[in-house]
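Undergrad: Sharing a structure here in structure tokens format.
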Amino acid sequence: MATTVIQYVLRRLHEIGITDIFGVPGDYAFAVNDAICNDPGINWIGCCNELNAAYAAEGYARIRGAGALCTTYGVGELSAINGVAGAYAEHLPVFHLVGAPNVAIQESRALMHHTLGNGEYDLFRRMSEPVVCAHAVMTPQNVAYETERLIAEAFYNLRPVYMAFPADLAAAPIAGEARPIAPPPSDPDALAHVTEVIVETLERAGAACVLPGVLIARAGLQPALHELIDASGLPFATMFMDKSVLDETHPSYVGMYDGALMQPEVRAFVEQADAVLAIGTLMTDFNTGAFTSRLDPAKTIAVSQHRVRAGDKTFFNVELGDLLKSLTARLARRDWPKIAAKTLGEATGSGDDRIDAPALYPRLAGFLRENDILIAETGTASMGMGFARMPLGANFYNQTLWGSIGWATPAAFGASVAAPQRRVVLLTGDGAHQFTVQEISQFARYGLKPIVLVINNSGYLIERLLCREPESAYNEIAPWRYSLLPQAFGCADWFSARVTTCGELDNALTAAGRAETGVYIEIVTDAYAASALATRMHEEFRKLYR
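When we follow my numbering, the leftmost residue of the sequence shown carries the number 4, and every step to the right adds one.
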């Protein structure tokens, strides 16, 4: 039988590494939903709502390099758009498949359900345009070319793309062919010139530092950058959004650079270096310590995905992967000055002592194992673990730039689907958890066994720290009995506990480390049990909103 429009798309998504599509069904999307369920190479992963599906696809993309979700027209795609926007901000290729009304209905401008009743059927696609890098309405005539174009755009820009499927065309046979579009190579002269500029800069430098950024991870270039670090001996520090992009047990790792907020010795090392290579970094508010970083532009070479800025000059058509290979071949190994990276230190408290931040976060850091995936919710949960030194092969993920509260729970689900062989640890706060908690049920549904750690501090702690009136009513939330939720959500065999003291937390973490089921631990702390970084953010909050 001839390949259909949706079958072609699914085959190509499978070929680029996507084997699971998150979504919620809908009548306009039935042809797409059916094709996914009938495709032997693709799994349909149902979610509780479309927003959670988008968050899950985004979490999946962090592990696999790309993700996909499927929604119905109008109501479904708009419910997902916040999650798609997060993927855009965080530079993640996510393919959004939208089932749309058939062509005759659209052309007749019929007043159908899931529309605004104005006959405009292109409206929701236009709404999506600012949060995707490319879009297309898939037809038998254009599907081959448009699929290849959208794949190329998604990976070139590291952003989401939008694919609409009219219901009567999704199952129609394709009428065309196309080849995958190769990524553009670097301009040889520009690449050679930039390589020479960087080599000469480092040869003159007595001290230097690399700041490896999140774009390295998004482009799958960690092995190439590791080779460069090993070949050159260059030390590296990471900023918050970039945490664990490179192995934090590496001897060249000097610690976390967060402007003037934390670790002054790392700040001095980075800012006093004769040369700083910022490779794939984004100078966001949280990455720069509320804009307290002071990197000298004259000493900083900013390497982006497709261009390089050195001093007052910008060089275009220089691809990041090509430059890493070129530098690795040219740079001689040196014994560069370094400092030793710190850890969170020993945990405080024992027995019946209450759980405060110095007791909590060092314990959680010690709980992590090699190759763990830590999904840390935006806010005080991630800030508490931001300066923990990750074990070998372990990854730290946080939605640092978009910062959509509630992201972490479904993102952890997506990460678990992407890497079921790895241990996934979800660390979230009670306020954020209430946004998307129902996705806990999907872990059990699909046989996944995460470790869920919920910090119950009776409200939105990060908001208390950032607003003018911490006790305002808007920072309060409904008091839930969190440790009972796994049972209600179908996670009947999970280990579940509620802990209020250091001794109880120690016992629960020991049990969690031995558990062969999913784990859910509610950790009760004081309302203001904030880490050092969160406290410093509170002190510097005016700079965030200047």
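Just so you know, even glycine gets a beta-carbon here, dropped at the ideal spot from N, CA and C.
Here's a check: name, in chain order, each residue in its chain whose Cβ is nearer than 7 Å to the Cβ of Gln144, leaving out the five neighbours to either side.
TA: Closer than 7 Å at the Cβ level, and outside the excluded window around Gln144, lie Ala178 and Gly179.
Undergrad: Mind checking Glu18: buried by the 16 CB within 10 Å criterion, or exposed?
TA: That one is exposed.
Undergrad: State the CB to CB distance for the pair Glu525 and Val457, rounded to an integer number of angstroms; the pair is presumed to be in contact (CB under 8 Å).
TA: Correct: roughly 5 Å between the Cβ atoms.
Undergrad: According to DSSP, is Arg517 helix, strand or coil?
TA: Arg517 falls in the helix class under three-state DSSP.
Undergrad: Does DSSP put His94 in a helix, a strand or coil?
TA: Residue state, collapsed to three classes: coil.
Undergrad: So, with DSSP's three-state summary, where would you put Pro187?
TA: In the structure shown, Pro187 sits in coil (DSSP, three-state: anything other than H, G, I, E or B).
Undergrad: Is it buried or exposed for Tyr477, if we count other Cβ within 10 angstroms and need 16 for buried?
TA: With fewer than 16 other Cβ atoms within 10 Å, it is exposed.
Undergrad: Measuring only the C-alpha atoms, how far is Leu218 from Gly209?
TA: Going from the Cα of Leu218 to the Cα of Gly209 covers about 27 Å.
Undergrad: Report yes or no: do the segment 265–284 and the segment 418–437 share at least 3 C-beta pairs separated by less than 8 Å?
TA: No contact exists between the segment 265–284 and the segment 418–437.
Undergrad: As a quick exercise: from Trp339, Ala435 and Leu326, pick the residue whose alpha carbon is nearest that of Leu205.
TA: The shortest Cα separation from Leu205 among Trp339, Ala435 and Leu326 belongs to Trp339.
Undergrad: Taking Cβ positions, are Val420 and Ile48 nearer each other than 7 Å?
TA: The answer is yes: Cβ separation under 7 Å.
Undergrad: What three-state label does DSSP hand Val316 in the structure shown?
TA: The displayed chain sequence assigns Lys, not Val, to residue 316. Correct three-state label for Lys316: strand.
Undergrad: The beta strand (DSSP E) spanning Met166 covers which residue range?
TA: Element bounds for Met166: Val164 to Pro169.
Undergrad: Between the Cα of Tyr523 and those of Asp509, Met540, Ile443 and Arg471, spot the shortest distance and give me the residue it belongs to.
TA: Cα-wise, what sits closest to Tyr523 is Ile443.
Undergrad: Gly521: buried (16+ other C-beta within 10 angstroms of its C-beta) or exposed?
TA: Gly521 is buried by the Cβ-count criterion.
Undergrad: Could you give the distance in angstroms between the alpha-carbon of Thr291 and the alpha-carbon of Ala397?
TA: Rounded to whole angstroms, Thr291 to Ala397 spans 23 Å at the Cα level.
Undergrad: Return the chain-ordered list of same chain residues with a C-beta closer than 8 Å to the C-beta of Thr317, the five sequence neighbours on each side being excluded.
TA: Here the set comprises Arg310 and Val311.
Undergrad: Roughly how many angstroms lie between the CA atoms of Pro183 and Met386, to the nearest whole one?
TA: Taking the straight line joining both Cα atoms gives about 41 Å.
Undergrad: Do Ala228 and Pro238 have their C-beta atoms within less than 7 Å of each other?
TA: Per the sequence shown, residue 228 should be read as Leu rather than Ala. Contact: no.
Undergrad: Quick one, which of Leu488, Asn510 and Ala515 has its alpha-carbon nearest Arg498's?
TA: Note on identity: in this sequence residue 498 is Phe, with Arg being the wrong assignment. Closest option to Phe498, Cα to Cα, is Ala515.
Undergrad: Give the DSSP-derived three-state secondary structure of Ser499 in the structure shown.
TA: DSSP places Ser499 in strand when its eight states are reduced to three.
Undergrad: Would you tell me roughly how many angstroms separate the C-alpha atoms of Asp171 and Ser407, rounded to the nearest one?
TA: Each residue's Cα considered, the two are about 36 Å apart.
Undergrad: If you draw a straight line from the alpha carbon of Glu380 to that of Leu224, how long is it in whole angstroms?
TA: Taking the straight line from one Cα to the other gives about 25 Å.
Undergrad: Quick one: what does DSSP say His253 is sitting in, helix, strand or coil?
TA: Residue state, collapsed to three classes: coil.
Undergrad: Quick check: does the Cβ of Ile458 come within less than 6 Å of any heavy atom belonging to the ligand ADP?
TA: The model on display carries no ligand, and the ligand ADP is accordingly not part of it.
Undergrad: Tell me whether the segment 108–119 and the segment 84–91 touch, counting them as touching only if at least three CB pairs, one residue from each stretch, are closer than 8 Å.
TA: No, because fewer than three Cβ pairs between the segment 108–119 and the segment 84–91 fall closer than 8 Å, the two stretches do not touch.
Undergrad: So, is Leu13 buried or exposed, given that buried needs 16 or more other C-beta atoms within 10 angstroms?
TA: Answer is buried; the Cβ neighbour count reaches 16.
Undergrad: Measure from the alpha carbon of Pro188 to the alpha carbon of each residue in Tyr364, Trp405, Phe319 and Phe492, then state which is nearest.
TA: For the residues Tyr364, Trp405, Phe319 and Phe492, the minimum Cα distance to Pro188 belongs to Phe319.
Undergrad: How about Gly389 and Leu536: are their beta carbons less than 7 Å apart?
TA: In contact: Gly389 and Leu536 (Cβ atoms closer than 7 Å).
Undergrad: Express the C-alpha separation of Thr383 and Asp37 in angstroms, rounding to a whole number.
TA: The straight-line gap from Cα to Cα measures roughly 42 Å.
Undergrad: How far does the beta strand (DSSP E) with Ala305 in it reach, from first residue to last?
TA: It spans Thr303 to Val306 - the beta strand (DSSP E) in which Ala305 sits, taken as one unbroken run.
Undergrad: For the alpha helix (DSSP H) containing Glu110, list its first residue and its last residue.
TA: Run containing Glu110: Val106 to Ser111, per the alpha helix (DSSP H) assignment.
Undergrad: In chain order, which continuous runs of the alpha helix (DSSP H) of length 4 or greater are located wholly inside the segment 313–383?
TA: If we require 4 residues or more, the alpha helix (DSSP H) runs fully inside the segment 313–383 come out as 323–333 and 360–370.
Undergrad: Taking only the alpha-carbon atoms, compute the straight-line gap between Met244 and Leu264 and give it to the nearest angstrom.
TA: If you take the alpha carbons of Met244 and Leu264, they lie about 15 Å apart.
Undergrad: Step through the CB atoms of chain B and report whether any lies within less than 7 Å of the CB of Glu80.
TA: Looking at the structure shown, chain B is missing, and only one protein chain is on hand.
Undergrad: So what does Ile48 bridge to, in DSSP terms?
TA: In DSSP, Ile48 forms a bridge with Phe25.
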